[in-house]
Every structure is written in C-alpha cells, then in structure tokens.
Amino acid sequence: ELEEAKMQFLINATHDIRSPLTLIMEPLSKLKTIIGNSEGRDYIDTISHNAQRLLLLVNQILDERKIDKNQMRLLCSETEMVAYVKRAIKSYKFRAEQRDIKLVLDARIDQLKLWVDRIHFEKVISNLLSNAFKYTPNRGEIRIGISTDGKQGIITVADTGIGLQEEKTERLFERFYQSKSARVVNKAGTGIGLNLCRALVTLHGGKISAANREDGVTGSVFTITLPLGNKHLKPEEIEMATETEKLKKSLNRQPSKNLRVLVVDDDEEIA
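Taking this note's numbering, the leading residue of the sequence shown gets 5, the next gets one more, and so forth.
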C-alpha cells in the first residue's frame, strides 16, 4: 500500500511537471538559433542538458506506471546490436571527454542480431551508462561489452568505480531502493532507473544482473542476456517488415491540404 501511495503521488506530480518542462525545452531550441555568441550558447546548452535530464526522469516514472498497469507494449524488430549500441553511446561522448573518462565499446564480434524494441531498449542502455558515470571517478573507464554464447546475446556495462557494497545485488533492482554505494559517494538517486531496466529487459525475455568485477579491477559490472531469435516474443510484439514498408509508402504520398487538425490540451500554452 505504501509503494502504491508513493507511485500515485509521483504520477500526479510527474504529470504536473511534464507540461512546464515541455514549454522550457521547445523555446530553448529556438533561442539557440537566435543567440550568436558562444558564451550565451554555453548557458543554453547547460539549461538544455539539465532539462533533458528532468524529462528523462519524468518519462521513467510514467514508464514505470505503464509497466505496473500492464500497458507497456513492445514492438520488436531485428536489430544489429554493435551499431545500435555505438549510436546509443554517442550522446555520452561529451560527458566522457569533460571528465576524462575512457568510454570503450568492446565488441567481441562484428555483428550481433537481437530482437528488441529500439525505443525502449535504448532506455536500458542509457540508464546503465548514466549509472556508470555516477560512480566512475574522473580519468576512470567505462567499458561496454557485446558478445554471444550461441544461445543468447550478452551486453555488459563495466565501470572503474567503488564497486557494489550490497551483499544481495538483486536488491539494486528493487523500486525506491537506495544503494549503499550511492550513500558512500553521496549521489543517492530515485531508485527507479534500475527497476525500470529490469522490467524492460524482462519484457524482452531477458535477464539483468549486477556484480563486482572479478578481473582484478575495482568496479561493478551489469550484465544483460537476451535470447537469440524471436520465438520468445508474442506475435503482436514483432514488427513485420511489411508494416514498415506500408508506412514508408504512406509517408511518400503527396500531403493533403484539405485536412484540419484539432489540438486539445488542458495547458493553454502547450495548445
């Protein structure tokens, strides 16, 4: 009952936060084109980056609720994971350079094809990378590994942080749980990110685990395993190529000028 009360409060607050956040982010992108000098742009970049962080948290809370209510729907397509992960880590390059952290993609194979929902699975990768950056000191290293054992694809995110202080590492994936490591480095989070990771990986038919590194380096490693092929998915969770082709054809049609669009929102500025 207490967890449900917490979630209900969070959801109500989140809906209130999302509208003003949208109204901050949209004018920001326009403001960037207007302001010419580099100092002004630096300030806008800082505002924009932190607004994105807020939006990520807001969306995580809403995703959690969808999963709670069985409203989260996957639409999986065959995805080449080496290129996919390479694209996903691009947005972390700047942060890595700022803190002199080595961000390494360690792919043991040239290609690994897995069936994932590309939008939702990127949230898993982003959460694990954000977590790794939280605990990795400046001039440390974050290594993303991609491999397979013939039956499943394996993705690992390893850091050179302080490692995990928990005796039972599965507790890290509990909702609202504050890790002991977070208290040590004084960076307590919401306890939602890793819980969402586990829920999304489970929806994909996979597993996620956490452990301390065993290669002589201090730090933690998070491991995702996903089955090869798509037999573990429900038919409605598989995106058919024909549907994608139909969509592409419909997008190539000439636009119609005889349509009206009705915009409805309870926030006047958004409307």
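For each residue, glycine too, the CB sits at the ideal point set by N, CA and C.
Bear in mind the structure is a predicted one, so any value in this text is a computation, not a measurement.
Do E170 and S183 have their C-beta atoms within less than 8 angstroms of each other?
yes
Entirely enclosed alpha helix (DSSP H) segments - the region 112–175, minimum 4 residues
Within the region 112–175, the complete alpha helix (DSSP H) segments of 4 residues or longer fall at 122–139, listed in chain order.
In terms of residue numbering, what span does the beta strand (DSSP E) encompassing T229 cover?
S224 to P231
Quick check on V62: does DSSP put it in helix, strand or coil?
Here DSSP, grouped into helix, strand and coil, assigns V62 to helix.
How far does the beta strand (DSSP E) with S213 in it extend, from its first residue to its last?
K211 to N216
Taking the alpha carbon of N63 as the point to measure from, which residue in G144, T222, S224 and D20 has its own alpha carbon closest?
D20
I need the boundaries of the alpha helix (DSSP H) containing E241, first residue and last residue.
Per DSSP, E241 lies in no alpha helix (DSSP H) segment and is marked neither H nor E.
If you draw a straight line from the alpha carbon of D114 to that of V86, how long is it in whole angstroms?
7 angstroms
Can you tell me where the alpha helix (DSSP H) holding E5 begins and where it ends?
Counting along the chain, E5 falls outside any alpha helix (DSSP H), and DSSP gives it neither H nor E.
For L176 versus H208, is the C-beta distance shorter than 8 angstroms?
no
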